[in-house]
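Below is one structure, written out as structure tokens; the observations come after it.
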Amino acid sequence: LVSFYHFHNFSKFLPDFNSVDDFFHQFIEGKVSYGSWFNHTKSWLGVWHELNSFLITYKDLSQKPHQVIQYLANFLGQKLEPDDMENILHYSSFSSMSQNDSLNYSSSIDLFDHSKGKFFRKDFTGNWKEHFSPEQNDNFNNIYQEELGDLTFKFDWSLN
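Residue numbers for the sequence shown, in the numbering used here: 819 to 978.
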């Protein structure tokens with residue numbers, strides 16, 4: 819949610835929001851660009867296991883990159899050589915990707931206002947704790963449970 823807020827304000831083609839608080843309320847009501855995150859997420863998480871698809875979270879990738887990359891290689895039926903793993907880890911690192919002009923949108927000045935932020939903002943998860951009040955956190959968790967609690971896939975919101 820926080821990343822989507824920053825993306826909205828960074829993108830020239832999406833409306834700006836005055837605050838994370840304002841965005842939070844619009845997000846919860848599904849009144850942001852692309853509609854309800856809850857409806858969208860429920861629609862594809864409800865069937866992802868039936869599809870030939872690989873599901874990964876940023877948190878998993880950042881906490882156990884070797885394991886996730888190996889799982890992906892296995893899913894794709896590919897054997898990884900030791901150099902392959904090191905190259906993938908290097909070129910998919912936050913540092914490498916954030917400095918790569920073909921990935922960080924630094925040349926897309928008609929689409930993004932770089933004075934308002936960067937495409938690659940932070941190299942960690944859990945930034946929401948700096949923005950959400952305890953009440954907003956409870957509100958989000960309640961709506962999440964109501965809307966997505968019956969799914970087999972569970973997001974790990976913990977910060978460890």
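Where is the CB? At the ideal position from N, CA and C, for every residue including glycine. This one's a predicted model, so the numbers in the text were calculated from it and none came from an experiment.
Here F872 carries a coil assignment [DSSP, helix/strand/coil]. In this structure, the beta-carbon distance from F842 to Q963 does not fall below 7 Å. If you look at T859, you'll find it in the alpha helix (DSSP H) that goes W855 to L863. Here Y823 is buried. Its C-beta has 16 or more other C-beta atoms within 10 Å.
Linking A891 to D901 through their CA atoms gives a straight-line distance of about 14 Å.
Excluding residues up to 5 positions away in sequence, L929 lie with their Cβ nearer than 7 Å to the Cβ of F831 in the same chain.
Cα atoms of E904 and F856: separation of roughly 36 Å, rounded to the nearest angstrom.
With 16 or more other Cβ atoms inside 10 Å of its own Cβ, V838 counts as buried. The beta carbon of G848 sits closer than 8 Å to those of S854, W855, F856 and N857, all from its chain and outside the five residues before and after it, given in chain order. Sequence-distant partners of T970 (beyond 5 residues in either direction) whose C-beta falls short of 6 Å from its own C-beta are missing from its chain. Counting every other CB atom within 10 Å of its CB across the protein chains shown gives V850 a total of 16 or more, marking it as buried.
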